[in-house]
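Residues in the sequence shown are numbered from 26 upward in steps of one, following my numbering.
Built from N, CA and C at the ideal position, the CB exists for glycine as well.
First up is the structure itself, then whatever we jot down about it.
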Amino acid sequence: MKYNVLAAMFLALAMNSCDNPKPGEKFFSFDDSKFKSTYKNGENVSLGIENPQGKAIDSIAYFVNGKRTASVKGGAKSEYVLTNAKFGYQNLKAIVYFEGETIGQEIESRVEVVSHIEPRLLNYTVVRTYPHDTVSFTEGLEFYNNSLYESTGQNGKSYVRKVDLATGKALLQADLEQQYFGEGITIVNHQLFYLTWQSNVGFIYDPETLKRVSTFSYDKKIEGWGMTNDGKVIYQSDGTEKIWTMDPKTQKMLDFVNVYSTSGKIKSVNELEYVDGKIYGNIWQKDALAVIDPKTGAVEAIVNLVNLRKELKNPASEVLNGIAYNKKTNTFFVTGKNWDKMFEIKIFE
26 MKYNVLAAMF LALAMNSCDN PKPGEKFFSF DDSKFKSTYK NGENVSLGIE
76 NPQGKAIDSI AYFVNGKRTA SVKGGAKSEY VLTNAKFGYQ NLKAIVYFEG
126 ETIGQEIESR VEVVSHIEPR LLNYTVVRTY PHDTVSFTEG LEFYNNSLYE
176 STGQNGKSYV RKVDLATGKA LLQADLEQQY FGEGITIVNH QLFYLTWQSN
226 VGFIYDPETL KRVSTFSYDK KIEGWGMTND GKVIYQSDGT EKIWTMDPKT
276 QKMLDFVNVY STSGKIKSVN ELEYVDGKIY GNIWQKDALA VIDPKTGAVE
326 AIVNLVNLRK ELKNPASEVL NGIAYNKKTN TFFVTGKNWD KMFEIKIFE
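Here it is, written out as structure tokens:
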């Protein structure tokens, strides 16, 4: 009799162990066969669950980017309309309640949203050519009070300077300490901001004297790349597809956009320049400028500058980097790392 009771107990335990998931085991998954490779705003995402073991599903709660979008009975599907979604990956989650369990099983997936704007190609003409110091490993370029400022990178060789356009030499210069790899600059509220690459610190200077005023730490664990501003906020790139907005008064990050075209993310966004509501951005390792909507991150146009290399003494020089806009002449000034020339160009449709 005791043997039969023990046998029944072991049998019951074995049956329960078959019904319950092992640690980490998932009974369900998103039906990603219904997902498109990329989506655009305005399109529907079909949210459904795969249930290979045929569990009796009581209900499902669906979430997109942490926000509950639908609750359905049984294993029903749900349609989610992408509206004003930030470009990039949208995180999907479902909590599946089954067989009377009060704690549901969570599953996750994601879909990618790209821009609907097909970038147009812009033209340019070279207005004038200026000498550029080949020692300058250019990171940032900006006009302020009719003067051109340039920042450079590399440890032990990083500096910010006010440049004499006619000669390419420094009128004023402030060197960074050996441990810092300098990056982009921008000038807003009569303060010059200078980023470093991987040190997580930036510096603020008086643009008239290039005397350092203060030091600040990055609000996020990101790299420092390019900078520009619209007079109110600073736009800052970090070497990925992201462009952050920063409060110049507090140096706190406010938000970010992901830079996308119709084909996908644009990685390695570098030096930036804000002009008439758009951001012109260097893309690292590309001899081109991307014209970006700072509100959405959509690439609206491309300026192909590859032919500028033909004018260099060494066409195999480092990458194109450095964009400055002169409001007085309505022209752009572009150069590259260690290039021997700086080009004044006019961009047009």
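Residue burial classification, residue i (beta-carbon count within 10 angstroms, cutoff 16)
i, result
"K267", "buried"
"S176", "buried"
"V238", "exposed"
"F373", "exposed"
"L217", "buried"
"N90", "exposed"
"T354", "exposed"
"D263", "buried"
"E208", "buried"
"Q330", "Note on identity: in this sequence residue 330 is Leu, with Gln being the wrong assignment. Buried is the call here."
"S161", "buried"
"N339", "exposed"
"G193", "buried"
"S42", "Low confidence applies to S42: its pLDDT is 41, below 50, so where it sits in the model is not reliable enough to give any reading."
"A341", "exposed"
Backbone secondary structure at residue i - three-state DSSP
i, result
"D57", "helix"
"E208", "strand"
"V213", "strand"
"K290", "strand"
"V331", "helix"
"E298", "strand"
"E336", "helix"
"P319", "coil"
"N346", "strand"
"C43", "Any reading at C43 is ruled out, since the residue's pLDDT is 43, under 50, leaving its predicted position unreliable."
"Q119", "It is Ala, not Gln, that sits at residue 119 in the sequence shown. Of the three classes helix, strand and coil, the one that applies to A119 here is strand, per DSSP."
"A95", "strand"
"N66", "coil"
"S224", "coil"
"N90", "coil"
"V106", "strand"
"L314", "strand"
"E202", "coil"
"I85", "strand"
"V136", "strand"
"T354", "coil"
"F52", "coil"
"D280", "strand"
"N76", "coil"
"T234", "coil"
"Y243", "coil"
Residues of its chain near residue i, where Cβ-Cβ distance is below 8 Å and the 5 sequence neighbours each way are ignored
i, result
"K246", "N225"
"F206", "G178, Q179, N180, S183, T221, W222, Q223, S224"
"F281", "K267, I268, W269, T270"
Distance CB(residue i)-CB(residue j) smaller than 7 Å
i, j, result
"G306", "A313", "no"
"T360", "H157", "yes"
"V106", "N148", "no"
"T253", "L220", "no"
"G289", "L166", "no"
"I74", "F60", "no"
"G251", "N295", "yes"
"V344", "K362", "yes"
"S293", "I308", "yes"
"P232", "I212", "yes"
"P77", "I327", "no"
"L201", "V188", "no"
"D365", "T63", "no"
"I120", "G129", "yes"
"E369", "R186", "no"
"K118", "F88", "yes"
Close Cβ partners of residue i (< 6 Å) along its chain, the five nearest in sequence each way excluded
i, result
"K236", "none"
"Y155", "L190, M367"
"Y114", "R135, E137"
"F228", "Y219, R237, T240"
"Y243", "N225"
"G99", "I82"
"Y122", "D83, S84, G129"
Closer than 6 Å: residue i CB and nearest the ligand FAD heavy atom
i, result
"Q204", "The ligand FAD is not part of this structure, which contains no ligands at all."
Neighbourhood of residue i by C-beta, 7 Å cutoff - its chain only, sequence neighbours within 5 removed
i, result
"D56", "G73, I74, E75"
"L31", "A caution first: L31 carries a pLDDT of 45, below 50, which makes its placement in the model unreliable, though a value can still be read off. Once the five neighbours on either side are set aside, L31 has no close Cβ partner at all."
"Q203", "N180, G181"
"S71", "K59, K102, E104"
"N283", "K111, F112, G113, E266, K267, K290, G322"
"V97", "S84, I85, S103"
"E248", "W222, Q223, D263, G264"
"S140", "F112, Y285, S286, T287, A323, V324"
"V300", "Y350"
"N171", "K353"
*Taking the runs of the beta strand (DSSP E) that are 3 residues or longer, which of them lie wholly in the segment 145 to 206?*
145 to 156, 163 to 169, 172 to 177, 184 to 188, 195 to 200
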